[in-house]
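The sequence shown lines up with residues 0 to 472 when you count with numbering that gives the first Met the number 0. Notes for the one structure printed next.
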Amino acid sequence: MHSVLSMMSKMEQETIHETSLQLLEEVGVVIGSENVRKMLEAKGAKVIGENVRFPKAMTEEMLGLIVHTFPIGAYTEAYRKQVPSITHPFSTTAGYVPYIYDEDAGKNRYATKEDLRQLCVLADASPEMDCFWPLMMPGEYTGELQEFKATEIALRNIGKHVQCSSASGDLARYQIEMAQTVAGGSEAFRKNPVLSLLSAPTTPLAIEHGIADAIVESARAGVPIIPMSLPQMTTTSPATFAADTLLVNSENLACYMIAKCAAEDARVFYASDAGAPNLFDGGIDYENCEYVLLSAGDCDMARFYDMPSAMGCSVEYKDFSTKAGFERNIFRCAMKLMTRVDVACWIGTRESCLSSSLVDVVMDLEVLRYAKAYFRHFPVNDYTLALDIIKEKGPRGHFLDHDHTFANFKENIFTDKSENSFLFANGFENYRQTAKEKLDQILSTHKGPEFDSALVSELDKIAAKAEATLKEQ
0 MHSVLSMMSK
10 MEQETIHETS
20 LQLLEEVGVV
30 IGSENVRKML
40 EAKGAKVIGE
50 NVRFPKAMTE
60 EMLGLIVHTF
70 PIGAYTEAYR
80 KQVPSITHPF
90 STTAGYVPYI
100 YDEDAGKNRY
110 ATKEDLRQLC
120 VLADASPEMD
130 CFWPLMMPGE
140 YTGELQEFKA
150 TEIALRNIGK
160 HVQCSSASGD
170 LARYQIEMAQ
180 TVAGGSEAFR
190 KNPVLSLLSA
200 PTTPLAIEHG
210 IADAIVESAR
220 AGVPIIPMSL
230 PQMTTTSPAT
240 FAADTLLVNS
250 ENLACYMIAK
260 CAAEDARVFY
270 ASDAGAPNLF
280 DGGIDYENCE
290 YVLLSAGDCD
300 MARFYDMPSA
310 MGCSVEYKDF
320 STKAGFERNI
330 FRCAMKLMTR
340 VDVACWIGTR
350 ESCLSSSLVD
360 VVMDLEVLRY
370 AKAYFRHFPV
380 NDYTLALDII
390 KEKGPRGHFL
400 DHDHTFANFK
410 ENIFTDKSEN
420 SFLFANGFEN
430 YRQTAKEKLD
440 QILSTHKGPE
450 FDSALVSELD
460 KIAAKAEATL
470 KEQ
């Protein structure tokens, strides 16, 4: 027994699947990389200029190669995990945002590499943080070097699984080389992939040159790939749930085809961050109901293919000045993660993913601690059914004094009341300051992973090569 938020029947999932095959065969996708187009053509795709169309039989054959489960590794052994999750949705920070909210100044400023390093320390110290995505961009850098530096800072400062974006083949090669070095070599990395890379298509139905190349590099190295599709209803998708889900599915399958043509053992997530804009200003709206429902449908499709999933699950609005305000966020978090996504990308963002805050990370993690009560699994077997005990007590009996009750109530009844959260130790009105005090305590005491001098030297060499190659791009 466990909770799950679902949107589609099996017949509806079949319809999305079959229509996706038709779309990929008749319309296809634009792929900007000539090398990738040639690779796909050699495997049976039809190429007309930049347009690539996948025959139905080709796609169906490749779908027989799905890697249904794979590790998401970590430098620290205790943090290594497997997807799909059999316990709870794994939560990670979202990314990338350009700004960070300065608590002392009371306003946003550009994020720095030191902000990102501190976030790594916080994430490494926090048991609710399952894996890590560099939330903010290190503003000292630009272009592809910025993405590389985010990867480097994360790998050097956190022992958990790291997820980063990758927008070119060159960038991916340096990110992968650094991750392989942390893992102990290319073969050790395949067993313990400490890094996964997000390479997102451009909705609708385009995969840019660098993105396609990055997918190929990741596939061949055994890097878990996150091809996050981001259609927005009315703008980059028709204004229906079915069409938005169709585009997510088709773009995921197209990226999957690239990965599988590059390496049959490629590890690929089913990934999306689909939504509907605020129709008053056109901006992304992470608080509307469509965001949750689209994620639920996309998770249904991930389960249809038996693929691990990764989704955006933002819960940004935070007013914890009352118990009701805090519990609102617990319920919204629980609802969004009740889609049973395997990796949920959401922690720490503000202002529709334009800003971030380490204090918000602390608060989100506390929300998650309570929300996890909704994700528990309850077995159904002879012991838990307790038929013998019900027979023993009979009609009008009670179970308060039974050994079975004492043995099971703590696991089955969640007793941690929300008003007892550490956030309210100094009163509801001071929750943000209390969260900042906890942040300061963690930053002053926690030590991340310690690398020996030889490993540090190797990482320095890779960083120097990347800086020389990527700095002008």
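All residues carry an ideal CB built from backbone N, CA and C; glycine is no exception.
Sorted by chain position, which residues of the same chain lie with C-beta nearer than 6 angstroms to residue i's C-beta, five sequence neighbours on each side aside?
{"i": "methionine 57", "result": "Gly43"}
{"i": "lysine 159", "result": "Ala73, Tyr78, Cys130, Phe131"}
{"i": "alanine 199", "result": "Met227"}
{"i": "serine 294", "result": "Met310, Thr338"}
{"i": "tyrosine 95", "result": "Met136"}
{"i": "arginine 189", "result": "Gly221"}
{"i": "arginine 331", "result": "Val314"}
{"i": "isoleucine 47", "result": "none"}
{"i": "lysine 80", "result": "Ile71"}
{"i": "serine 32", "result": "His208, Ala211, Asp212"}
{"i": "asparagine 107", "result": "Tyr98, Tyr100, Ser354"}
{"i": "methionine 38", "result": "Cys260"}
{"i": "tyrosine 140", "result": "Lys148"}
{"i": "glutamate 487", "result": "Look at the range of the chain in this structure, 0 to 472, and you will see that residue 487 is not part of it."}
Can you name, in chain order, every residue of its own chain whose Cβ lies under 7 angstroms from the Cβ of residue i, other than the five neighbours on each side?
{"i": "valine 291", "result": "Met334, Lys335"}
{"i": "threonine 235", "result": "Thr202, Pro203"}
{"i": "arginine 219", "result": "Ala261, Ala262"}
{"i": "glycine 324", "result": "Asp318"}
{"i": "leucine 115", "result": "Pro133, Met135, Pro137, Ala149, Ile152"}
{"i": "leucine 252", "result": "Ser19, Leu23, Thr58"}
{"i": "glutamate 466", "result": "Leu144"}
{"i": "aspartate 341", "result": "Val82, Pro83, Ser84, Pro88, Phe89, Pro307, Ser308, Ala309"}
Taking the C-alpha atoms as reference points, what is the distance between residue i and residue j?
{"i": "leucine 204", "j": "arginine 302", "result": "22 angstroms"}
{"i": "tyrosine 100", "j": "cysteine 352", "result": "12 angstroms"}
{"i": "phenylalanine 319", "j": "glutamine 21", "result": "48 angstroms"}
{"i": "isoleucine 246", "j": "valine 26", "result": "Looking at the sequence shown, residue 246 is not isoleucine but leucine. Those two C-alpha atoms are separated by around 12 angstroms."}
{"i": "glycine 274", "j": "glutamate 127", "result": "26 angstroms"}
{"i": "serine 313", "j": "tyrosine 285", "result": "6 angstroms"}
{"i": "asparagine 407", "j": "histidine 401", "result": "10 angstroms"}
{"i": "phenylalanine 53", "j": "lysine 45", "result": "6 angstroms"}
{"i": "leucine 442", "j": "leucine 118", "result": "9 angstroms"}
{"i": "glutamine 12", "j": "alanine 211", "result": "27 angstroms"}
{"i": "threonine 321", "j": "leucine 422", "result": "11 angstroms"}
{"i": "methionine 0", "j": "asparagine 287", "result": "29 angstroms"}
{"i": "aspartate 387", "j": "leucine 399", "result": "16 angstroms"}
{"i": "isoleucine 225", "j": "arginine 395", "result": "55 angstroms"}
{"i": "glutamate 76", "j": "glutamate 449", "result": "13 angstroms"}
{"i": "leucine 454", "j": "alanine 463", "result": "14 angstroms"}
{"i": "asparagine 191", "j": "valine 161", "result": "12 angstroms"}
{"i": "lysine 392", "j": "phenylalanine 405", "result": "16 angstroms"}
{"i": "alanine 166", "j": "arginine 368", "result": "34 angstroms"}
{"i": "alanine 110", "j": "glutamate 289", "result": "30 angstroms"}
{"i": "lysine 9", "j": "methionine 232", "result": "23 angstroms"}
{"i": "proline 88", "j": "asparagine 380", "result": "24 angstroms"}
{"i": "lysine 55", "j": "glutamine 179", "result": "36 angstroms"}
{"i": "tyrosine 173", "j": "leucine 229", "result": "26 angstroms"}
Go through its chain and collect everything with a Cβ distance to residue i's Cβ below 8 angstroms, but skip five positions before and after it.
{"i": "alanine 385", "result": "His403"}
{"i": "valine 3", "result": "Met337, Thr338, Arg339"}
Cα-Cα, which of the options is closest to residue i?
{"i": "serine 90", "options": "Ile224, Ala424, Leu364, Gly221", "result": "Leu364"}
{"i": "arginine 266", "options": "Ile65, Thr141, Lys55", "result": "Ile65"}
{"i": "valine 35", "options": "Val193, Glu146, Ala262, Ala462", "result": "Ala262"}
{"i": "isoleucine 214", "options": "Asp341, Tyr304, Phe268", "result": "Phe268"}
{"i": "leucine 62", "options": "Lys112, Ser249, Leu399", "result": "Ser249"}
{"i": "glutamate 59", "options": "Leu458, Lys259, Ser8", "result": "Lys259"}
{"i": "proline 133", "options": "Ile283, Ala238, Ser271, Ser356", "result": "Ser356"}
{"i": "asparagine 429", "options": "Arg368, Ala465, Met362, Tyr382", "result": "Met362"}
{"i": "proline 83", "options": "Leu438, Ala153, Cys298", "result": "Cys298"}
{"i": "proline 378", "options": "Thr86, Lys392, Phe69, Glu49", "result": "Thr86"}
{"i": "valine 366", "options": "Ala467, Ile346, Pro237", "result": "Ile346"}
{"i": "isoleucine 257", "options": "Met10, Val28, Ile15", "result": "Val28"}
{"i": "alanine 343", "options": "Ser417, Thr14, Ala93", "result": "Ala93"}
{"i": "glycine 105", "options": "Glu216, Gln432, Leu229", "result": "Gln432"}
{"i": "alanine 124", "options": "Thr444, Ser452, Leu197", "result": "Thr444"}
{"i": "serine 420", "options": "Glu326, Asp459, Phe374, Ile30", "result": "Glu326"}
Would you list the residues sitting across from residue i in a DSSP beta bridge?
{"i": "leucine 197", "result": "Ser164, Ile225"}
{"i": "glutamine 12", "result": "DSSP lists no partner for glutamine 12."}
{"i": "isoleucine 30", "result": "Ile206"}
{"i": "valine 342", "result": "Phe89, Ala309"}
{"i": "isoleucine 47", "result": "Asn50"}
{"i": "threonine 348", "result": "Ser355"}
{"i": "methionine 232", "result": "Ser236"}
Step through the CB atoms of chain D and report whether any lies within less than 8 angstroms of the CB of residue i.
{"i": "valine 215", "result": "Looking for chain D here will not work: only one protein chain is present."}
Less than 7 angstroms between the CB of residue i and some heavy atom of the ligand ATP, yes or no?
{"i": "cysteine 344", "result": "This structure lacks the ligand ATP, and indeed carries no ligand of any kind."}
Which runs of the alpha helix (DSSP H) spanning at least 4 residues fall entirely within the region 236-324, listed in chain order?
240-261, 288-304
In chain order, which alpha helix (DSSP H) runs of at least 4 residues are fully inside the region 402-455?
402-411, 430-444
Could you give the uninterrupted runs of the beta strand (DSSP E) lying entirely in the region 52-115, keeping only those of 3 residues or more?
69-71, 80-82, 89-92, 98-101, 106-109
Contiguous alpha helix (DSSP H) assignments of at least 4 residues, all confined to the region 118-180
142-156
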